[in-house]
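Report on the following structure.
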Amino acid sequence: EISVKVNVVVDKASASAIEKIEAAGGSVTVK
1 EISVKVNVVV DKASASAIEK IEAAGGSVTV K
């Protein structure tokens with residue numbers, strides 16, 4: 001559960017993790 005807006009850069013992220021981060025208003029950048 002993510003409740004704050006975050007911007008992360010990762011080597012790998014699961015689709016569900018990306019979905020949760022984006023739903024919280026953040027962004028995920030996969031290298």
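Residue numbers 1 to 31, in UniProt numbering, belong to the letters of the sequence shown in order. Idealized CB from N, CA, C, for every residue including glycine.
Residue of the options minimising C-alpha distance to residue i
| i | options | result |
| --- | --- | --- |
| Ser3 | Ser16, Val9, Ile21, Lys31 | Ile21 |
Cβ distance (whole Å) where residue i is taken to contact residue j below 8 Å
| i | j | result |
| --- | --- | --- |
| Ala24 | Lys5 | 6 Å |
C-beta atoms of residue i and residue j nearer than 7 Å
| i | j | result |
| --- | --- | --- |
| Val8 | Val30 | no |
CB contact below 7 Å: residue i versus chain B
| i | result |
| --- | --- |
| Thr29 | Looking at the structure shown, chain B is missing, and only one protein chain is on hand. |
Beta-ladder partner(s) of residue i, from DSSP
| i | result |
| --- | --- |
| residue 35 | Residue coverage of the chain in this structure runs from 1 to 31, which leaves residue 35 outside it and unanswerable. |
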